[in-house]
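Q: One structure is given below, represented as structure tokens, and several questions about it will come after.
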Amino acid sequence: MTGDKKGWEAVQEDAGGSVRDTDGAFIDVRDLRKTFRVRRRSGLLRRTSSDVHAVDGISFTLRRGEMTGFIGPNGAGKSTTIKMLTGILSPSGGRLRVAGVDPARDRTRLVRRIGVVFGQRTTLWWDLPLRDSYGLVRRMYRIPRARYEENLARCVELLELGGLLDVPVRQLSLGQRMRGDITAALLHDPDVLYLDEPTIGLDVVSKARVREFLLRLNAERRTTVLLTTHDLSDIEHLCERVVVIDHGRLMYDGALAGLHEIGSGERTLVVDLERELPPIEGIEGARTVRTEGPRQWLTFPATASAAPLVSRIAADYPLVDLSLREPAIEDVIARMYAA
Amino acid sequence: MAEPGAVERRAPGRGLSARRALGGVAWGLRAYGFIAAMWVRSTMAYRASFAMMLVANFTTTFLDFAAIMIMFSQVDALGGFALPEVAFLYGTSCVAFGLADLLLGEAERIGRRVRDGTMDILLTRPVPVLSQIAADRFALRRLGRITQGALVLGWSLTRLELEWTAGSVLLTVSMVLCGGLIFGCLFVLGGAFQFWAQDASEVQNAFTYGGTTLLQYPPTVFGKELVRGATFVVPLAFVNWLPALRVLGRDDPLGLPGWVDFAAPAVALLCCAGTALVWRAGLRSYRSTGS
Ligand SMILES: Nc1ncnc2c1ncn2[C@@H]1O[C@H](COP(=O)(O)OP(=O)(O)OP(=O)(O)O)[C@@H](O)[C@H]1O
Ligand SMILES: [Mg+2]
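Protein chains in written order, with my numbering: chain X, 268 to 606; chain U, 6 to 296.
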């Protein structure tokens, strides 16, 4: 493992030059826009075209080594943004820099430093066994043999791909293929990893394995990770920071914890009293929403502190036990999407 | 298409563009080589099935010549050309087309790649997109067409009573090579148009597969308008008609100046330049799919 560490640090060094001067913002997105012109048939011969503003002025920056969740409802513009970050699509407007490079202009230079996983489709060769796919990746990225072997062995171990290397990709299950794809994206030690719905369709065990793997990758190699998902528990497990977009616009950018507050979420205090009593009343800022025998539920704004509330109740009522429930992240996000 | 390849560490100056372009082409060819080699290795794992595909390819493409032989069982000449002469045209057309089909035939699948979004993935790899597409599923079974074309060509050479000079040998070799280039350009051009019109592969087939069939027959069989079109619009006539007429000692039906018979290399180079421009434009206009 120490050899591993050393190899990695050496890589850091030689990528150094251009990285260090952009260290503040490894990925820098300013007022990014992408407009698609879509043509529609209207009538027999007439065609009308309209503009779809898939990404409509998004700005954010990511520091090196940050692991960020990128979420939003269907059609929000997440995949389109990722395609611009990788250089697949060129922006219609705005400024974009990844490790100091403009992706659309210098795509071939940048792609050596990034890894991409599209959950919806594989980057592997459908008819080749995993091992051959990885062999091609090695030659395409010109990965030195020793580093390649080491990275492959590591991914195979952590993602449990051992018995699958000689199976053609088309015969892999979705979860196996996804782990295969993640490996392919990491063999060349990318500085940035973009994951577009990497956990889609995975079972609980595979999901946990992938999350665990991503956490280690980020901790040990300082790989910058940008992750889109519709499974918010992915975000809760992996990301301290979230960027939320909707209709191509930025809705929120900050700590995951902060979402609770701005999401106009309410927290819930569950109290167990000694015996069944009428609903608790007269506590300022709180409202009893439910009673069930001696148990009562009170809601109060997520921004308020629970402590004074608890002491007021304890003073006036025979309190036995209590628990505090944070608003579910799903609810917060759902409310945000609906707004 | 230019890919910095080995010059990765250098500052991204635009100045050394000629060297960069050359480096890019060399890297593209190398990448083509190792991708194709991988596919060859993986098909060779199933030798029996490979052998069958090869024979099938040989046989189905040879049917074209069988049709010509059947015609000659009824007539002595086609458009004034005897069987060995037609076989010469057939052989050169088949080998030239076969080379292009072997090396670049996959380009006709670009439309499908654009539609199903797999083009995205090619763009995330540090290898020129054309190399990745053309070498994908590289299939040696396509040697079947080349082999039968070469056999027919060889047979015609034993039957043609010609005085072979260094010039006519060179001309014949260049027919196959430059013809291959011209057909290759048609494949790539057709592929590039599929960036705009994803269903264009039918049109492309008319020019590639249609083109090689056209060139298997003497130009005198066809109307002047068609021959003109195949000379000035789509330069198919440079693949074999014009140089072959010279080798066979015939006049061309359009009465073009004599030097035209030697123009194939220049025409092929022009085709390559034009194709490169259209390819770049096509790639630039790519706008992915919605998922
Ligand atoms: N190539 C394209 N051509 C035309 N419209 C497109 C294209 N790609 C995306 N769009 C449109 O842009 C919008 C954003 O799409 P995008 O794929 O970025 O959404 P998303 O946030 O990834 O959604 P999802 O969660 O469903 O994956 C959608 O309205 C979509 O219809
Ligand atoms: Mg998406």
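Idealized CB from N, CA, C, for every residue including glycine.
May I have a chain-ordered list of the alpha helix (DSSP H) segments no shorter than 4 residues that lie completely inside the segment 403 to 487 of chain X?
A: Those alpha helix (DSSP H) runs which fall completely within the segment 403 to 487 of chain X and span 4+ residues are 412 to 425 and 441 to 453.
Q: Throw me the rounded Cβ distance for the residue 142 of chain U and residue 62 of chain U pair, which I believe falls under 8 Å.
A: If you number the second sequence from 1, residue 142 of chain U lands on position 137. If you number the second sequence from 1, residue 62 of chain U lands on position 57. Going by Cβ atoms, the distance from residue 142 of chain U to residue 62 of chain U rounds to 14 Å, so no, they are not a contact pair.
Q: What residues of chain U sit near residue 408 of chain X, judged by a beta carbon separation below 7 Å?
A: Counted from its first residue, the first sequence places residue 408 of chain X at position 141. Those are 131, listed as they occur along chain U.
Q: Does the distance between the C-beta of residue 229 of chain U and the nearest non-hydrogen atom of ligand 2 fall short of 7 Å?
A: One-based indexing of the second sequence puts residue 229 of chain U at position 224. For residue 229 of chain U, the Cβ stays outside the 7 Å cut-off from all heavy atoms of ligand 2.
Q: With H, G and I counted as helix, E and B as strand and the rest as coil, what does DSSP make of residue 338 of chain X?
A: Start at 1 with the first residue of the first sequence, and residue 338 of chain X comes out as number 71. Residue state, collapsed to three classes: strand.
Q: Is residue 587 of chain X buried or exposed, if buried means 16 or more other CB atoms sit within 10 Å of its CB?
A: Along the first sequence, read from residue 1 onward, the residue named residue 587 of chain X stands at position 320. It counts as exposed.
Q: Got a sec: does ligand 1 put a non-hydrogen atom nearer than 7 Å to the Cβ of residue 357 of chain X?
A: In the first sequence, counting from the first residue as 1, residue 357 of chain X sits at position 90. Between ligand 1 and residue 357 of chain X, a heavy atom-to-CB distance of less than 7 Å is absent.
Q: Give the interface partners of residue 40 of chain U over in chain X, defined as CB-CB distance under 7 Å, in chain order.
A: In the second sequence, residue 40 of chain U corresponds to position 35, counting from 1. Within 7 Å Cβ-Cβ: 403.
Q: To the nearest angstrom, how far is it from the Cα of residue 122 of chain U to the Cα of residue 109 of chain U?
A: Counting from 1 along the second sequence, the entry for residue 122 of chain U is found at position 117. Counting from 1 along the second sequence, the entry for residue 109 of chain U is found at position 104. Rounded to the nearest angstrom, the two C-alpha atoms are 21 Å apart.
Q: Identify the contact partners of residue 204 of chain U in chain X, using a Cβ-Cβ distance below 8 Å as the criterion.
A: As a first step, residue 204 of chain U is located in the second sequence; it is residue number 199 there, counting from the start. What residue 204 of chain U touches in chain X: nothing, since even the nearest Cβ is about 15 Å away.
Q: Residue 383 of chain X and residue 452 of chain X look like a contact to me (Cβ under 8 Å); what is the Cβ gap, rounded to whole Å?
A: Here the question's residue 383 of chain X lines up with position 116 in the first sequence. Here the question's residue 452 of chain X lines up with position 185 in the first sequence. Residue 383 of chain X to residue 452 of chain X, Cβ: 6 Å. Contact.
Q: Could you tell me which chain U residues have their CB closer than 9 Å to the CB of residue 354 of chain X, listed as they occur along the chain?
A: As a working mapping, residue 354 of chain X is identified with position 87 in the first sequence. Simply 128 and 129.
Q: Given this structure, state the Cα-to-Cα distance separating residue 442 of chain X from residue 470 of chain X, to the nearest angstrom.
A: Here residue 442 of chain X is taken as the residue at index 175 of the first sequence, counted from 1. Here residue 470 of chain X is taken as the residue at index 203 of the first sequence, counted from 1. Distance between the alpha carbons of residue 442 of chain X and residue 470 of chain X: 7 Å.
Q: Taking residue 350 of chain X as the query, report the chain U residues whose CB atoms sit under 8 Å from its CB, ordered along the chain.
A: As a first step, residue 350 of chain X must be located in the first sequence, where it is residue number 83. Ordered by position in chain U, the residues that pass the 8 Å Cβ test against residue 350 of chain X are 125 and 293.
Q: List the residues of chain X that residue 122 of chain U touches, going by C-beta distances under 7 Å, in chain order.
A: As a first step, residue 122 of chain U is located in the second sequence; it is residue number 117 there, counting from the start. Those within 7 Å of residue 122 of chain U in chain X are 388.
Q: If you drop the 5 nearest sequence neighbours on each side, which residues of the same chain put their C-beta closer than 7 Å to that of residue 426 of chain X?
A: For this step, residue 426 of chain X is matched to residue 159 along the first sequence. Result list for residue 426 of chain X: 446, 449, 450, 476 and 480, in chain order.
Q: Grouping DSSP H, G and I as helix and E and B as strand, with all else coil, what is residue 37 of chain U?
A: By 1-based counting over the second sequence, the position of residue 37 of chain U is 32. In the structure shown, residue 37 of chain U sits in a helix (DSSP, three-state: H, G or I).
Q: Please tell me whether, using a cut-off of 7 Å, the distance from the CB of residue 345 of chain X to the nearest non-hydrogen atom of ligand 2 is below it.
A: Here residue 345 of chain X refers to the residue found at position 78 when the first sequence is read from its first residue. Yes, the beta carbon of residue 345 of chain X sits closer than 7 Å to at least one heavy atom of ligand 2.
Q: Quick test of your reading: residue 299 of chain X and residue 363 of chain X, contact by CB under 8 Å. State the CB separation rounded to the nearest angstrom.
A: Numbered from its first residue, the first sequence carries residue 299 of chain X at position 32. Numbered from its first residue, the first sequence carries residue 363 of chain X at position 96. The pair is a contact, with the Cβ atoms about 6 Å apart (cut-off 8 Å).
Q: Threshold first: 3 residues or longer. Then list the beta strand (DSSP E) segments lying entirely within the segment 507 to 583 of chain X, N to C.
A: 508 to 513, 516 to 522, 533 to 540, 554 to 559 and 562 to 568
Q: Hey, is residue 266 of chain U close to ligand 2, as in C-beta under 7 Å from one of its heavy atoms?
A: Counting from one through the second sequence, the residue named residue 266 of chain U turns up at place 261. For ligand 2, not one heavy atom lies less than 7 Å from the Cβ of residue 266 of chain U.
Q: When the cut-off is 8 Å and only beta carbons count, does residue 375 of chain X lie next to chain U?
A: Counted from its first residue, the first sequence places residue 375 of chain X at position 108. For residue 375 of chain X, the nearest CB of chain U lies under 8 Å from its own CB, placing it at the interface with that chain.
Q: Is residue 601 of chain X near ligand 1, going by C-beta to nearest heavy atom under 7 Å?
A: Position 334 of the first sequence, counted from the start, is the residue given in the question as residue 601 of chain X. Answer for residue 601 of chain X: no, Cβ out of range of ligand 1.
Q: Would you tell me roughly how many angstroms separate the C-alpha atoms of residue 157 of chain U and residue 84 of chain U, rounded to the nearest one?
A: Taking the first residue of the second sequence as 1, we reach residue 157 of chain U at position 152. Taking the first residue of the second sequence as 1, we reach residue 84 of chain U at position 79. Near 20 Å, if we compare the C-alpha coordinates of residue 84 of chain U and residue 157 of chain U.
Q: Which residue from X:331, X:319, X:433 and X:429 puts its Cα closest to that of residue 396 of chain X?
A: As a working note, residue 396 of chain X is residue 129 in the first sequence. When each option's Cα is compared against that of residue 396 of chain X, the closest is X:433.
Q: First and last residue of the beta strand (DSSP E) that includes residue 381 of chain X?
A: Along the first sequence, one-based indexing puts residue 381 of chain X at 114. Its beta strand (DSSP E) spans residues 381 to 385.
Q: Report yes or no: is there a C-beta of chain X within less than 8 Å of the C-beta of residue 53 of chain U?
A: Working through the second sequence from its first residue, we reach residue 53 of chain U at position 48. No - not a single Cβ of chain X is within 8 Å of the one on residue 53 of chain U.
Q: Please go through the same chain and pick out, in chain order, the residues whose beta-carbon is closer than 6 Å to the beta-carbon of residue 297 of chain X, but skip the five residues on each side of it.
A: Position 30 of the first sequence, counted from the start, is the residue given in the question as residue 297 of chain X. Closer than 6 Å at the Cβ level, and outside the excluded window around residue 297 of chain X, lie 326, 361 and 362.
Q: In terms of alpha-carbon separation, which member of U:214, U:144, U:194 and U:40 lies closest to residue 48 of chain U?
A: Counting from 1 along the second sequence, the entry for residue 48 of chain U is found at position 43. Of the candidates U:214, U:144, U:194 and U:40, the one whose C-alpha sits nearest the C-alpha of residue 48 of chain U is U:144.
Q: When you compare the CB positions of residue 419 of chain X and residue 454 of chain X, do they come within less than 8 Å of one another, or not?
A: Here residue 419 of chain X is taken as the residue at index 152 of the first sequence, counted from 1. Here residue 454 of chain X is taken as the residue at index 187 of the first sequence, counted from 1. Taking 8 Å as the Cβ cut-off, residue 419 of chain X and residue 454 of chain X qualify as a contacting pair.
Q: Can you list, in chain order, the residues of the segment 264 to 284 of chain U whose Cβ is nearer than 7 Å to any Cβ on chain X?
A: none
Q: How is residue 256 of chain U classed by DSSP in three states: helix, strand or coil?
A: Working through the second sequence from its first residue, we reach residue 256 of chain U at position 251. Under the three-state reduction of DSSP, residue 256 of chain U is assigned to coil, being neither helix nor strand.
Q: Please work out which residues of its chain come closer than 6 Å, Cβ to Cβ, to residue 294 of chain X, disregarding the five sequence neighbours upstream and downstream, and give them in chain order.
A: By 1-based counting over the first sequence, the position of residue 294 of chain X is 27. Only 329 and 365 meet the Cβ criterion.
Q: Pair every Cβ in the segment 489 to 507 of chain X with every Cβ in the segment 332 to 339 of chain X, then say whether three or more of these pairs are closer than 8 Å.
A: yes
Q: Going by the CB atoms, is the gap between residue 549 of chain X and residue 571 of chain X shorter than 8 Å?
A: Along the first sequence, read from residue 1 onward, the residue named residue 571 of chain X stands at position 304. Along the first sequence, read from residue 1 onward, the residue named residue 549 of chain X stands at position 282. Cβ atoms of residue 571 of chain X and residue 549 of chain X: not closer than 8 Å.
Q: According to DSSP, is residue 375 of chain X part of a helix, a strand, or is it coil?
A: By one-based count along the first sequence, residue 375 of chain X stands at place 108. Helix at residue 375 of chain X.
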